[in-house]
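Residue numbers -24 to -1, 1 to 162, in mature numbering (1 follows the signal peptide of the UniProt record, and there is no 0), belong to the letters of the sequence shown in order.
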Amino acid sequence: MKPKIKWLLLFILPLMFVSPSKIRASSVGEEKKSAVNVQIIEPAIYLKKVIPPTFDRYPVPETDIEVPAKQDLVIEVVDNRSGTNGWKLDYSLSAFKNQQEYTAKLSMKDGQLTTEKTSIYQVNDIENISHGETQELVKVSQGTKQNFRLVIPKESIKLSVPANSPSGTYKAIQTVNLVNVVADVD
């Protein structure tokens, strides 16, 4: 390499790394603002309230017993839909647990559905439901655009407790599933 080029490179290369490159950005003084909107609405049909039945304390039974509830089951449904689609409520119950599973069965009958307008519906009794089962509680085939209230009185809710059940506080999870039922189209 020629000495002149060598000296030129030795002088230029360090300058490239030492002097910052100049990038120019300029503003023209204009900006544009626009609104961003979002609308959050209630679902067309939903469960407004679910109050589960509750039960008192009882001594360990020597024989199978039926324990009455001390609170009604209350379920409220709001249906803001228009059209002919119906809906149903399915009911299931987990196992009663307290470090071990507890085999109890729940029965509920004489449920009353209150509606604001004329509706076609059927309220079903729940018979001896236990862990892993699902039963249809209510089916509404017509009656949209209104509020519904299902009450099963505490006197009609019974928990079957097997003999010699171990003492303790047991808990189960009830699941009320609101299902949209699409109208049949011929």
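For every residue, glycine included, the Cβ atom is placed at its ideal position computed from N, Cα and C.
How is the beta strand (DSSP E) around residue i delimited, first residue to last?
i      : result
Ser83  : Lys81 to Met84
Gln98  : Ile96 to Val99
Tyr146 : Careful: Tyr146 lies outside any beta strand (DSSP E) and carries neither H nor E.
Asp66  : Gly62 to Leu69
Glu52  : Leu49 to Asp55
With 16 as the cutoff for other CB atoms within 10 Å, does residue i come out buried or exposed?
i      : result
Gly87  : buried
Gly119 : buried
Pro35  : exposed
Lys25  : exposed
Glu77  : exposed
Ala80  : buried
Pro142 : exposed
Ile96  : exposed
Ser10  : exposed
Gly121 : Note on identity: in this sequence residue 121 is Lys, with Gly being the wrong assignment. Exposed, by the Cβ-count rule.
If the criterion is Cβ atoms closer than 7 angstroms, does the pair residue i and residue j meet it?
i      : j      : result
Pro37  : Ala148 : no
Tyr146 : Phe31  : no
Val137 : Ile41  : yes
Gly62  : Val152 : no
Val114 : Val99  : yes
Thr91  : Phe124 : yes
Whole angstroms are fine: how far does the CA of residue j sit from the CA of residue i?
i      : j     : result
Ile17  : Pro28 : 27 angstroms
Leu82  : Ser58 : 35 angstroms
Ser68  : Val14 : 36 angstroms
Gln111 : Asp66 : 6 angstroms
Leu49  : Glu7  : 59 angstroms
Ile102 : Asp55 : 24 angstroms
Glu109 : Met84 : 14 angstroms
Does residue i come within less than 7 angstroms of chain C when only Cβ atoms are used?
i     : result
Glu42 : In the displayed structure, chain C is absent; only one protein chain is listed.
Whether or not the stretch 123 to 143 and the stretch 30 to 49 are in contact is what I'm after, with contact meaning three or more pairs of Cβ atoms, one per stretch, closer than 8 angstroms; do they touch?
yes
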